[in-house]
Each structure stands twice: as C-alpha cells, then as structure tokens.
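Report on the following structure.
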Amino acid sequence: MEKKLLITGGAGFMGSHFIRYILEKYENYQITNLDKLTYAGNLDNLADIEKNFSNRYQFIKGDITQEGDVNKALKQEVDIIVNFAAETHVDRSILEPKSFLLTDIVGTYNLLEAVRLGKANKIIQISTDEVFGQIKQGEFFEDSPFLPNSPYSAAKASADLFCRAYWKTYQIPVIVVHSCNYYGTHQYPEKLIPLFITNLLEEKDIPIYGDGEQVREWIFTEDYCQALDLIMHYGKIGESYNIGTGQRKKNKEVAELILKFMNKDKSYIKYVKDRPGHDFRYAINSDKLRKQFNWKPQVEFEQGLAKTIVWYENNEDWWKKLKNGDYLEYYKKQYNALDKN
Ligand code: NAD
Ligand code: DAU
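Residue 0 is where the sequence shown starts when you use numbering that gives the first Met the number 0, and the numbers rise one by one after that.
What follows is the structure, encoded as structure tokens:
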C-alpha cells in the first residue's frame, strides 16, 4: 500500500540518512521533506535523492515554527510525520537558547496540532537521551524522570511532555523516541566526532572539554535507521522507546581511537575549558526495543568510526565549506564572557 510521509528536518544529518533508507527500502513510499535550511540543513546531503527518487520525493523549504509552512507541507493528508527538525547542538543552546525554545518546543507543538486536526495519522517525535539528564551509574529507562541540564535538553524534554499531554488529553497517535549519540557520514563538523576528524585532516588540535572523562553512548546511522523504521511501523501508540547500543566510551577514548585510526599522536589533544553544565555520563537501556522487535545494533563502534573517517577523508568538498567560521574560538570567548556576568 502506498504511504505518504512528512519528514521534518530531513536536510540535516540523521534526517537525510533516514529519507534515503526509507526510499531505498519501500518502493511505494512518498516523502515530503520540510526543512528551514538553518546552518545545519544541507541540500548536498540529498543530491542523490533528488536525482534518483524525483518521482517519490519533494523538498519544501519551510519552518516548523510557522503554522503556514506546516499547513503547506500538509496540504494533502499524510500517514506519518517524523519530526527530526530541531536545533541540536548543546554548545549553541548555552549561548543562544531562544531558537531552541522556538524550534524544539513551538515547532513540535505546531506538528502536534496538525495531527490533532486530522492532517496526519501518526507522529514520531525524535528525541534524545539527554532529557533524562546525567547518570553516574546504571541506565536510563523509558520511564526514568526527565532532569535536563542544558537549554537544548530542556527544550527537547518540553516537547516530549507536550507529546505525552497530547496523547493523554486528545489521544493523538504519537510515539517518542529517545536515542543515544548518533555518528556517521554527513554529520555537521561541530559535533565531537566530525570535528575531531576534520581538525586532524587540517592538522589542527582536537579540543577535549574538561578532563575528557565524560561518557557518551554511540549509534551508527544505519543501526539507528533500522531501529526507527521498526518503531515507526510497529511501535505502540502513546509510548516511548529508547534506542541504544551499549557502546559507551569516554570522550578521551573516542579521541584516542580517532588519533590511532588517522595515524596521529596524542600531541594533537588539547584539554580546554569545560562546557558549562556538562553532563558526565549518558547510558540508555534499550531492552524494550530489543525484546519487542528483536532488534540489535550491527555496527561495532570501531568499525563505524573507521567508515566515518574514510568518508570525511574522501569528502573534503562537503565539509571544508562548513568550517569557515572558527566557532570553537567563538564558544571559548563566549563561555569566558558568561563567567564574568
Ligand atoms: P541536525 O542538526 O544535523 O539537523 C537538524 C535539521 O533541522 C537541519 O536540516 C535544520 O535545517 C532543520 N531545522 C532546524 N530548525 C528548523 C525549523 N524551525 N523548521 C524546519 N527545519 C528546521 O540534526 P541531527 O543531529 O541529525 O538530529 C536530528 C534529530 O535527532 C533532532 O531532533 C535531535 O534532537 C535528535 N537527536 C540527535 C542526536 C545526535 O547525536 N545528533 C541524538 C539523539 C537525538
Ligand atoms: O545524547 C544525544 C545528544 O548527543 C543529542 O541529543 C544532541 O543533539 C547531540 O548534539 C549530542 O550531544 P552531545 O553534547 O553529547 O554531543 P557533542 O558532539 O556536542 O559532544 C559529545 C561529547 O564530547 C560531550 O561530552 C562534549 C564533548 N566535546 C564536544 C565537543 C564539540 C568535547 O570534549 N570537545 C568538543 O569540541
């Protein structure tokens, strides 16, 4: 049966991977991609899709905070909305929280309203493990309390609470997905892994915040897309699902692996001032997903990291133009300014 999907934020990192995954897997699916094209939105990510799937894919430039743009994308009723659109970078949220409030909360509200008005049959809200805050030991479960520590995670948590409330109050068909850190090709080079790889390709230092002991859990793009596909089709309405791999690494271990794979020594590591409110450790329990759908991640971290490095090595045209402003210097100066206030 033919299905119509609206993907928001599909010009970003994971959104573009998911669009490709779905169009390649399901021959009868149509996708509309609504994206504002912020600094993180990049039509280069979709060039092959525009070419190979022109009959089943359309792009609309638009902003989910604008009701008119959402209505335009939903002129024809859709089966499923998958909301990837968000401001996503924690450092930016510390310095400029307002755009996070608007996109991540108001934008999600507009989409929920559209579902309430019957313009879509289901909405999948793409969220993060960061809503649960940090955990020194053990793991977050689907019903762990929300204790967000950054403006980014507070905005994502607020959106998730709206999803819950819209389910409880109006019974709109919504599923929320909390995932650990993504990595892979086409990730904007401000996030840890692509920043470190591209810095090393430019013979620059790699800045580790604080002591580098913080732990993140990592999932490769393909594994994430497979998990989301299952949840989107078969997940229970009104519930939430964690997506995790158990592949947990200290930031300095990630840095050391990248150095090893790129044949560089540790002299490139520079310990810098810590991120304010830096979460020490995330660890997410994904037994619910694994048991319900017999899902498990296929890609080992070392294997995915090696593939990612090769892609950045071969795709300088893609990332070089994104690294024109020295935003790290910018963050450093801004954080120092925060200290003085
Ligand atoms: P990204 O930053 O690479 O891309 C975000 C996309 O959203 C961009 O294309 C941007 O143009 C678009 N966008 C931003 N504001 C918009 C607006 N107002 N209207 C329409 N489009 C808008 O994103 P990503 O890192 O791939 O993350 C995608 C989603 O997954 C986000 O919701 C994020 O919170 C969530 N998430 C990310 C990670 C991660 O490790 N990156 C982990 C867990 C969850
Ligand atoms: O956990 C899921 C989240 O992962 C997503 O919801 C966010 O959208 C995504 O940005 C990511 O947040 P993090 O803060 O974990 O990712 P980031 O790549 O910014 O940082 C990863 C870790 O590396 C974190 O502990 C901070 C540290 N770091 C980051 C940068 C950019 C450094 O030590 N140096 C750096 O230069």
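No residue lacks a Cβ here, since even glycine has one placed at the ideal position from N, Cα and C.
DSSP lists H177 as the bridge partner or partners of S126.
Shortest gap from the CB of D128 to any heavy atom of the ligand DAU: under 7 Å.
For Q213, the distance from the CB to the nearest heavy atom of the ligand DAU is below 7 Å.
By the criterion of a C-beta distance shorter than 7 Å, G303 is surrounded in its chain by Y182, G183, F219, once the five residues flanking it on both sides are discounted. Counting along the chain, K60 sits inside the beta strand (DSSP E) bounded by residues 56-60.
C162 sits away from T244, with the two beta carbons spaced by 8 Å or more.
Short note on I207: C-beta closer than 7 Å to some heavy atom of the ligand DAU. The way I'd put it, the stretch 192-204 doesn't touch the stretch 87-105; fewer than three beta-carbon pairs between them come closer than 8 Å.
Judged by DSSP secondary structure, N32 falls within the beta strand (DSSP E) whose first and last residues are 28-34. Between the ligand NAD and the CB of A10, the shortest heavy atom gap is smaller than 7 Å. For E312, the secondary structure class from DSSP, reduced to helix, strand or coil, is helix. Residue range 150-169 is occupied by the alpha helix (DSSP H) that includes W166. E301 places its beta carbon less than 8 Å from that of L256. Three or more beta-carbon pairs separated by less than 8 Å link the stretch 54-62 to the stretch 32-40, which places the two stretches in contact. The C-alpha of V253 lies about 8 Å from the C-alpha of I192. The three-state reading of DSSP puts W217 in strand, counting E and B together.
Under DSSP, F139 takes part in a beta bridge, and its partners are I283. Pairing K290 with N284, the inter-Cα distance amounts to about 12 Å.
Annotation for T307 indicates a beta carbon at 7 Å or more from all heavy atoms of the ligand DAU.
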